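Protein chains in written order, with the working numbering: chain A, 1 to 323; chain B, 1001 to 1510.
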Amino acid sequence: MINLFARPSLLKKNGVIGINRRNAELIMRYNPRHLYPLVDDKLITKQLALDAGIAVPELYSVVEYQRETRHLSTLLAAHDEFVIKPSKGSGGNGILVIAGRFGDHFRKPSSDLISLGEVEHYVSNILSGMYSLGGVADKAIIEYRVKFDPFFEDIIFQGVPDIRVIVFRGVPVAAMVRLPTRESDGKANLHQGAQGVGIDMSTGESRGGVLHNRYCTTHPDTRMTTSGLKIPHWDTILKMAIACADTVGLGYLGVDIVMDRDLGPLLLELNARPGLNVQIANQTGLQGAIQALQARASIPASADERLKLVRSLTDIHLTETTA
Amino acid sequence: MISVKDMSVKIWGFLLIGIGLTIGGYKVVFLGLPMSPNQQTKTWTVQAKVNFKGSGGPAIVDFTVPKITPGLSILDEDFISSKYGLALQEKRESRVAQWAVRRARGEQLLYYRLFVAPSTKQVAWQEKPDFPFPPDFEEPYASAIRAIIDDVRKESADVATYTRELLQQLNAEQPNENVALVRSDINSGKAWTLTIIDILKGVRIPGRVLWGIPLSEATNDVKLRQLLQVHNGDRWLTFDPYSGAEGIPDNFLAWKTGNNPLIELTGGDRAEVQFSVTSSYRDLIEVTRLGAEPLDSALLSMSPIALPVPNQNVYRLLLMLPIGALVVVIFRTFIGVQTFGTFMPILMALAFRETQLFWGLVSFSAIVLIGLFIRFYLERLMLLLVPRLTAILIIVLILMLVLSLISNQMGAERVLSVALFPMVILAMTIERMSITWEEHGAREALYQGSGSLLVASIGYLLMSSEQLTYVMFVFPEMLLVLLGLSLWMGRYTGYRLTELHRFRSLVSRQ
C-alpha cells in the first residue's frame, strides 16, 4: 500500500471533518450539554418524539428494578418478537433482538436460541449499568421489533438496516444506510462491522459504501452492489429528521431511522455525537455543507423550505466535486 | 476565521507558558538553581574553637560571628557548648553569640561551626560611617605622612583611585624615604591596616578593617586576615592592604568589621580562638535551598522542596501525573490511539513504577488475559454487575498472589513487587476489556488494550525519567507551562494521524 495516509491538506480541501474538529466546532458549539439527556436516554427521546408526532416503535414495557426481571416472562407473554435495549446505551450497544419463540426458548435473528434465564440476566446487566455511559444504573426498554421493509432485502443477508441522517442547524446535510453484515451479527453498527452506504441527499438514491473505514461498493455477504437503490419515503425521512432536530434543539444531531414494512419510517434513536463515517460512505466531506449553513444568518422555519435548502446544498457539493 | 474563543485560548496559553518559563528562568539565572539533578557544588565548614580558663565564677563569652558574607551564603550554623546558655544578639550588620555559664572552672571549650557555599547573591554593608577627623601624628611621621598624602592627592580623582594610589605608593617595592619611615615600625597585618586607615583619616576618608578567613581545601590553623575597607560616601570598597587589589577575594569569608573585638570574656582568662576549614561537596539543589535568604526564597518556599521529606516524596510522584496526562492527550488527540478510559493508561504507568517496564508489561498482560478468560466464564454464571466486579477483584488478587509465589520460587524479585500493583486498575481493565470484547469484538478489545499498554509504557518512560522528575519537582511552575500547553492542545481541530489513514479513500479516488 503506497497511500497508507492521506495528505492532511487534501483532506482539508475535500472538506473532511476530523474527530477533533467535530468535537470542538460542532458538538461543543451547537450541542448544549443540558440537552444531552434528551437523546442519551431513549425513553425520554421516545416520549418527546411521541409528543411531537414523530413515529417510533411501540413501547411494550420498561424494566426499572432488578426484582422486576423475575416477572419478565409475564411481561413478555404477549409478544413473540421484541427488542430489549438499554435506555442509556450508546452506539447500538446492548441491544437484544428476539425474532420468535422455540419452546421455552427465545430465538435470535441468527436462529441462536436463548433461554428465559439468559434474557433475565441480560436485562439485569442492563439495569446495573453495564451498557450505559459511566456505568450508571439504567432501565431496560422492551419495544416493537421492526419488520423491515424489503427495500434492501436483496442486498443484505440478515438484520435490520437503518438510516442515519446528520442534521446541522435543523437541515439534513448527509445520510447513509447502515447495512448489517454477518460480521456485525445483524446489528446496524459500523463499529461492529456493519456496512455504511451513502445516500444522495436530493434524490434519496444509494451510493457506494464504507466497511471498516474502507470504501466498498458491494455488500460483503451477498456481493451485491449497494449503489443506485432508491430509498423509499425519502422526503418523509428527511422531514422526520428535521422534526427531531427541532424537538430536541441540538444543532449537530444524528437521527437513526428504521424502515418498517407496515409503519414506514420509525425513529429509532438520536445521537448528540454522531460519527464521521458518513463522510466515507458518501465519499464527501461534511465541511462544505456545514460551512454553507454556518454562513446563513437564519434557517427557514418550514420543513419544505429546508428541503429546498437540502437540495441547494447538494448542488454545492456537486459543483465542488466536479470543479 | 479565528474566533474569540481561539484567541483567548491562545492568549491564556501564552500567558501561562510565559509566566511558567519566566519564574523558572528566574530561578535558574538569579537563584542559581541547577537545571539537572545531581549537580554538586563546593561547600565549606568553618569551625571556630574557643577555649579559655575559667576562674571558677560565672563566665560570659561574647563571640562575634559572621553576618554579612559577600560571595558566600550561610547554609547553616551550630553552636556546640554543653552546659552554656546561648544568646544570639543580632545587630544590623553584625551578630554576637553570647555564651554564659554560672560556674566555669578550668579549661573551657566552646565550638562554633558554620557551613557556607559560594553564592551569586549581592549583599553589602549598608551602614554609613561618620567622617573621621585627621589624627595628630607625631613627628617625624607627621611630615612624612603629609608628604605622602600630597603626593597621592595629585594623581587621584575620587576615594577609590585615591586609596588605590595610596596603597601602591605605600607598598612600592622601592619605597621613597617617607614611605620607608611609615613602614619601619609595622610588624603585623593588623597594624599595617590600621596605619593605612589613620593615613586615610588625614584626607577624611573613613576606613575600617574587614576581618575574614580565606577558605581553602582543608586547613587546621587558619588566621583571620585583614582587608582594608574605605567608604566612598555610597558604599564600602574593599582593598587588600598589601597588594592593593580591589574587591573581596574569591572564597573569602567576611567574619567581622571594625574594631570590635572578636571575643570578649568575663570570668576567665587566656581566651583563644582557633579556626579550621574543611571543604566538601553537596547537592547544588540542597545548597540553594539552604542558602536562599527568606526574602529571596519566597519563590523557593512555594516549591515542594520546602516541604517535609515524606510529603516531598508524594509530590515527586504527583507532579509527574500531568506529564502522563499530556502523553495521553498527545496520543488521543494527535495520533488517535484508542485507550481504555481517558486516564487508565496513567494509572497503569504508575503501576509499572513498582515493577519496571518489562515485568510490568508481562505481569499486567498475564493477569489481564487470565482474568479475562475467568471473566468470560463468570459471564456464563450470570452474576450481577457489582458482585461480578468483586469476584474479579478477588480473582485478580489470587492471580497476583500465585504469580508472586511462583516468581519467589524461581527467585525473580522483580515480579514479586507486582504485589504493589494497584489491583483495582487490573480488575477494571479486565471488566472494560471483556465488555469491549463482547460489544466490539476481540479485534477492538485487543486494539484498545495494546493502545493502553503503549500509552502506559511511554507515559511510564517519561514519568520515571530522573531529569523530568527533577525539573517538575524543583520547578513546579512548569505546571503552568503544562496547563498552557493543554489549553492550546484543547483547541486543536486538525486531523488525527489515524484519521489520515481512515479517511484516505476520500482522497485517493480523486
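Cβ atoms here follow ideal geometry from the backbone N, Cα and C, with glycine treated the same way.
Being a predicted model, the structure only gives us computed values, none of them experimental.
Limits of the alpha helix (DSSP H) - the one that residue i falls within
i	result
B/F1359	Checking the sequence shown, residue 1359 of chain B turns out to be Trp, not Phe. Run containing B/W1359: 1357–1381, per the alpha helix (DSSP H) assignment.
A/R214	Not the alpha helix (DSSP H): A/R214 falls in the beta strand (DSSP E), residues 214–216.
B/I1263	Taken as a continuous stretch (DSSP letters only), B/I1263 belongs to no alpha helix (DSSP H), being part of the beta strand (DSSP E) at 1263–1266.
B/F1166	At residue 1166 of chain B the sequence reads Leu, which differs from the Phe that was named. 1159–1170 is the extent of the alpha helix (DSSP H) around B/L1166.
B/E1466	1466–1474
B/P1322	1321–1329
B/A1144	1141–1154
B/A1391	1385–1410
B/R1502	1497–1502
A/I126	116–127
Proximal chain A residues relative to residue i, where beta-carbon distance stays under 9 angstroms
i	result
B/F1503	A6, L11, N14, V16, G18, N213, L276, Q279, I280, G285
B/R1375	By Cβ distance, chain A contributes nothing, its closest Cβ being about 12 angstroms from B/R1375, past 9 angstroms.
B/V1328	Within 9 angstroms Cβ-Cβ: nothing; B/V1328 doesn't reach chain A, min ~15 angstroms.
B/V1507	N3, A6, R7, L10, L11, K13, N14, V16
B/R1496	G18, I19, N20
Beta-bridge pairing of residue i - partner residues as DSSP gives them
i	result
B/A1087	B/Q1098
B/S1279	B/W1044
B/A1254	B/G1212
A/M176	A/R164, A/G198
B/A1117	B/S1073
A/S132	A/G89
A/T225	A/T218
Interface residues of chain A facing residue i [CB-CB closer than 7 angstroms]
i	result
B/I1435	M130
B/T1493	N20, R21, A24, E25
B/L1385	N125, S128, G129, M130
Unbroken beta strand (DSSP E) run spanning residue i, endpoints
i	result
A/D246	Run containing A/D246: none in the beta strand (DSSP E); it sits in the alpha helix (DSSP H), 234–248.
A/S302	A/S302 -> no beta strand (DSSP E), and no H or E assigned at all.
A/N189	Taken as a continuous stretch (DSSP letters only), A/N189 belongs to no beta strand (DSSP E), as it is neither H nor E.
B/L1483	Taken as a continuous stretch (DSSP letters only), B/L1483 belongs to no beta strand (DSSP E), being part of the alpha helix (DSSP H) at 1478–1490.
B/W1511	Nothing about residue 1511 of chain B can be read from this structure; chain B reaches only from 1001 to 1510.
A/T284	Looking at the DSSP string, A/T284 is not in any beta strand (DSSP E), and its letter there is neither H nor E.
A/L253	252–260
A/S206	206–211
B/G1020	Careful: B/G1020 lies outside any beta strand (DSSP E), inside the alpha helix (DSSP H) at 1004–1029.
A/N271	264–271
Within chain A, the residues that residue i reaches when beta carbons sit closer than 8 angstroms
i	result
B/T1333	N20
B/R1235	The contacting residues do not exist; B/R1235 stays about 59 angstroms from chain A at best.
B/V1424	Near B/V1424 there are no residues of chain A at all, since even the closest Cβ is about 14 angstroms away, more than 8 angstroms.
B/E1354	Here the premise fails: no neighbours, minimum Cβ distance about 27 angstroms.
B/L1500	F5, A6, R7, P8, L11
Option in the options with minimal Cα separation from residue i
i	options	result
B/G1449	B/S1081, B/L1393, B/L1426, B/S1465	B/L1426
A/L43	A/I84, A/G228, A/I163	A/I84
B/S1082	B/I1394, B/W1099, B/L1454	B/W1099
A/Q66	B/T1436, B/L1385, B/S1434, B/L1479	B/L1385
A/Y252	A/L267, A/L276, A/F102	A/L276
A/D256	A/M176, A/T218, A/G285, A/L263	A/M176
A/R21	A/S184, A/Q291, A/G198	A/Q291
A/V56	A/K46, A/V63, A/V62	A/K46
A/D221	A/V63, A/I156, A/R29	A/I156
A/F151	A/S206, A/K108, A/L10, A/V97	A/S206
B/P1395	B/T1163, B/F1014, B/V1061, B/Y1377	One point to set straight first is that residue 1395 of chain B is Ile, not Pro, in the sequence displayed. When only C-alpha atoms are compared, the closest one is B/Y1377.
B/F1131	B/S1156, B/I1196, B/I1205	B/I1205
B/R1095	B/V1362, B/I1068, B/V1424	B/I1068
A/L96	A/A52, A/A78, A/V160	A/V160
B/S1280	B/W1255, B/L1237, B/E1217, B/A1351	B/E1217
B/F1373	B/T1429, B/V1273, B/Q1409	B/T1429
A/L26	A/N282, A/M130, A/Q279, A/A272	A/A272
A/A194	A/M201, A/T203, A/G209, A/G285	A/G209
Chain-ordered neighbours of residue i on chain B, where CB pairs are closer than 7 angstroms
i	result
A/H121	M1382
Where residue i meets chain B, residues with beta-carbon distance less than 9 angstroms
i	result
A/Q195	Per Cβ cutoff of 9 angstroms: no residues; A/Q195 is ~14 angstroms from chain B at best.
Closer than 8 angstroms at the beta carbon, the chain B residues around residue i
i	result
A/G228	Result: empty, since nearest Cβ-Cβ is about 18 angstroms, beyond 8 angstroms.
A/G117	M1382
CB contact below 8 angstroms: residue i versus chain E
i	result
A/I290	Among the protein chains of the structure shown, namely A and B, there is no chain E.
* **4-residue-minimum alpha helix (DSSP H) runs that sit fully inside the segment 27–97 of chain A, ordered along the chain** => Whole alpha helix (DSSP H) segments, 4+ residues: 36–40, 42–51, 72–76.
* Report the residue ranges of all beta strand (DSSP E) runs contained in full by the segment 1183–1249 of chain B; include only those spanning at least 3 residues, in chain order. => If only uninterrupted beta strand (DSSP E) runs of at least 3 residues are considered, those enclosed by the segment 1183–1249 of chain B are 1207–1214, 1218–1222, 1225–1231, 1236–1239.
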